[in-house]
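Structure first, then comments.
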Amino acid sequence: MKFVKLGSTGLDVSSLCLGCMTFGEPDAGTHPWTLDEHASRPIVKHAVEQGINFFDTANSYSAGTSELIIGKLLREFTRREETVIATKVFYPANMWEGSSKPNEKGLSRKAIMASIDASLTRLGTDYVDLYQIHRWDYHTPIEETMEALHDVIKSGKARYIGASSMYAWQFAKAQQVAVTNGWSRFVSMQNYLNLIYREEEREMIPLCMDQGVGLMPWSPMARGRLTRPKGQQTTRTQTDVSGQSFYHATEAEDGRIIDRVEQIAKEKGVPMAQVALAWVLSKTTVSAPIVGASKAHHLDDAIAALDLALSTEEIRRLEELYVPHAVTGFS
1 MKFVKLGSTG LDVSSLCLGC MTFGEPDAGT HPWTLDEHAS RPIVKHAVEQ
51 GINFFDTANS YSAGTSELII GKLLREFTRR EETVIATKVF YPANMWEGSS
101 KPNEKGLSRK AIMASIDASL TRLGTDYVDL YQIHRWDYHT PIEETMEALH
151 DVIKSGKARY IGASSMYAWQ FAKAQQVAVT NGWSRFVSMQ NYLNLIYREE
201 EREMIPLCMD QGVGLMPWSP MARGRLTRPK GQQTTRTQTD VSGQSFYHAT
251 EAEDGRIIDR VEQIAKEKGV PMAQVALAWV LSKTTVSAPI VGASKAHHLD
301 DAIAALDLAL STEEIRRLEE LYVPHAVTGF S
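Sequence positions in the sequence shown follow UniProt numbering and run 1 to 331.
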């Protein structure tokens, strides 16, 4: 496994981050395709054995059961000091049960302090390495949010803070508020980037390059769409409502890119997933893309992509079919 620094920090993370949305009780939340503890165990074990030390979850994944499962399995398979655990705050853990109660959702001081304690309890640890805001809170002053996050770090409950899925102006504003007040800055941005959604290239990626912020792209394989020939269905693609909303409007345009990925994969004699992930990894601003896996061999494909070099011509062919998309993934 290759290791990189997360952005401009001194934190060593594996070049792949295992996304833990896949892990969780199937009857908790709205993701019937998730894996329970028994089914998750061999995948997490394989990730650790292959040298992955970076794991990303969220308080809201499968109503908190993702944190429960990944926390338990990491305690079983590795030592805490060797593991980099990332989780998130914004949505309530029970967000899929209906409307949230007052102060359960958002980035107020009260919500942040309650959420970090609940996440630590579920994870079975006394700190997380990276605490990320899952979305932008339009109803809380950013000054309140950044001070609360700074206090989470100073209390020892998190080592670093990061952000996810927002407009570049929002991220820049948050960083400036932190600098002005002498508070902790975000060290990472978890943004939505893959071959069929590249809108982050306009503003967010250049901003992060300028500021030395590490990128952790989520959905680098477009929720599986870039891993199989166009039209093939899985349980997840058939039941993933949010994923369907991301890609339905541009299905025809995206299909041409999927065909191109398949073509180049055949030319190189590798699975499509390796080509799609190698393209993301070719971007010098990326610290560690977040990869999901529902089978152990999915991790093997992702790890192999670390050594798959795409030529300038192959990258041009992969990128030339892209058409602008409506900005999505921020809600």
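Don't be surprised by glycine CBs; every beta carbon is placed ideally from N, CA and C.
Beta-bridge analysis with DSSP links PHE23 to LEU35. When beta bridges are read from the DSSP output, GLY214 appears opposite SER188. In the DSSP assignment, LEU281 falls within the alpha helix (DSSP H) that extends over 272 to 281. In the three-state reduction of the DSSP assignment, LYS173 falls in the helix class, which pools H, G and I. Residue pairing by DSSP puts CYS17 in a beta bridge opposite ILE290. In this structure the region 211 to 218 touches the region 3 to 10; the number of beta carbon pairs closer than 8 Å is three or more. When secondary structure is reduced to three states using DSSP, ASN59 falls in the coil class, being assigned neither helix nor strand. In this structure, DSSP gives ASP254 a helical state, which the three-state scheme calls helix. Assigned with DSSP and collapsed to three states, ASP12 falls in strand.
Around the CB of PHE3, fewer than 16 other CB atoms lie within 10 Å, so the residue is classed as exposed. With distances taken between CA atoms, LEU226 lies nearest to LEU193 out of LEU193, ARG135, SER62, MET1.
The shortest C-alpha to C-alpha distance from LYS45 to any of THR30, PHE23, ALA63, TYR61 is the one to PHE23. Out of PRO271, SER294, TYR247, the CA that lies nearest to the CA of THR328 is found in TYR247. At least 7 Å separates the beta-carbon of GLN176 from that of ARG185.
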